[in-house]
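Just so you know, the UniProt record's numbering puts the end of the sequence shown at 307, numbered straight through with nothing missing. All C-beta atoms, glycine included, are put in the ideal place defined by N, C-alpha and C. The block underneath contains the structure these notes are about, expressed in structure tokens.
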Amino acid sequence: MAGFILKRMLQAVFVVFAVTLIVSFAIRLSGDPAVILMGGGGNITEQDLQNIRQALGLERPFYVQYLSFLKGILRGDFGKSFMGGTPVSLLIANALPATLLLAFTSLIASIILSVPLGIYAAVHRGRWPDQLIRILSLVGLSFPNFWLAIMLVLLFSIVLGLLPPSGMEGPESFVMPALTMAVILTATNVRLVRTSMLETLSQQYIMVARSKGLRDRVVLYKHALRNSAIPLVTYIGLQFGGLIGGIVIVERVFNWPGMGTLAFDAISNRDYPVLQGTITVLALFIVLINLLVDIAYGLIDPRIPTE
């Protein structure tokens, strides 16, 4: 297991290196931050722009800027924002907890909903509860997250006045953003749990367990669910990456003070250090989650080779 973890960690280092290199190169094609800082007025001279580029270190060759960025990562220093000079590490430290809390809340809510519904649909295969759950999951998959977010704001904030429309001001402010993400995740996970459980319930060892007189709850949750968990764990790990990516739009709709909002503002302002730092940190978390998923394989089913 130690060799397996070391191998995965080396792969993670390469992935993060590749991501930061691609992002660092791509964002420099998006525009000149010196023009943004000067306001884009007609009285800007080329000398003014050159002075700003020199002050920001943008006159240096790309490889020099990138190597400087990598050295800063090793020290936990992502540079300073072009807009105001605030350290990027401080901006990330303020935004990251909000994003992670929202992401994990959505993911946990999805698991709590999807596992019992998926099992119930599999047990009642072909009957009306199964058909109803499948139809609802298909409807949930059809909702774009930004549309669902706007509809929830209209219903619960404007029409009913029950929840705050934006911001992160208390437990009630989590309801709509987490529900928006959880609906999409649950719709996918229900179908995955149902399919996996149907395959597991047809196995011979399940029939043997039932023939021994074990209760249905023990058979389902102790024997069948554990052996059905591998695809679910795999997909949840992959979902986390998609969740972080999709949460950008949701954070904008609800004015959530997280990494998505920070990255969106950095893109608008051509704030290279903030965008580089944000994407690097998000990439690190996604790689870490995938590593934990790989390790979980061996814990759930020791028969899986960790090579």
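Should L232 go down as buried or exposed, given a rule of 16 or more other Cβ atoms within 10 Å for buried? buried
Going by the CB atoms, is the gap between M176 and N145 shorter than 8 Å? no
Here's the rule I'm using: 16 or more other beta-carbon atoms within 10 Å means buried, otherwise exposed. How should I279 be labelled? buried
Any contact between the segment 101 to 108 and the segment 135 to 153? By contact I mean 3 or more CB pairs, one from each, below 8 Å. no
Between the segment 250 to 259 and the segment 159 to 179, do at least 3 Cβ pairs fall closer than 8 Å? yes
Note down, one range per segment and in chain order, each beta strand (DSSP E) of at least 3 residues found wholly within the segment 143 to 196. none
Assigned secondary structure, P61 (DSSP; H/G/I helix, E/B strand, else coil): coil
Per DSSP, which one or two residues make a beta bridge with P87? K80
Out of A283, L292 and G76, which has the shortest C-alpha to C-alpha gap to L21? A283
Which whole runs of the alpha helix (DSSP H) in the segment 94 to 147 are 4 residues long or more, in chain order? 128 to 142
Which of the three DSSP states, helix, strand or coil, is assigned to Q202? In the sequence as presented, Gln is not what sits at residue 202; that position holds Ser. Coil.
Interface flag, V233 vs chain C, CB-CB below 8 Å: Given the protein chain composition of this structure (a single chain), no chain C is represented.
I'd like to know whether the C-beta atoms of L113 and T186 end up nearer to each other than 8 Å. yes
Would you mind working out which of V16, I5 and L6 sits nearest I286, comparing C-alpha positions? V16
Roughly how far, in whole angstroms, is the beta-carbon of V190 from the beta-carbon of I133, given that I think they are within contact range, below 8 Å? 6 Å
Please name the residue in I247, R125 and F14 whose C-alpha comes closest to that of F198. In the sequence under discussion, the amino acid at residue 198 is Leu, which differs from the Phe named in the question. The shortest Cα separation from L198 among I247, R125 and F14 belongs to R125.
Taking only heavy atoms of the ligand ZN into account, decide whether any of them is closer than 7 Å to the Cβ of A149. Judged by which ligands are present, the structure shown has none, so any question about the ligand ZN falls away.
Enumerate in chain order the residues of its own chain whose CB-to-CB distance from F143 is below 6 Å, with the five nearest sequence positions on each side excluded. none
Proximity below 8 Å, CB of V274 to CB of V19: no
DSSP state of F254, grouped into three classes? coil
Could you please give the first and the last residue of the uninterrupted alpha helix (DSSP H) stretch that includes T45? First-last for T45: undefined, no H or E at that position.
Which word fits F240, buried or exposed, when buried means at least 16 other C-beta atoms lie within 10 angstroms of its C-beta? buried
Which same chain residues, not among the five before or five after L262, have their C-beta less than 8 Å away from its C-beta? L91, I92, A95, V274 and T278
Identify the continuous alpha helix (DSSP H) that holds D265 and give its terminal residues. M259 to N269
Of the choices L67, Y66 and Q50, whose alpha-carbon is the least far from that of E59? Q50
Just the Cα atoms here: how many angstroms apart are T188 and A122? 15 Å
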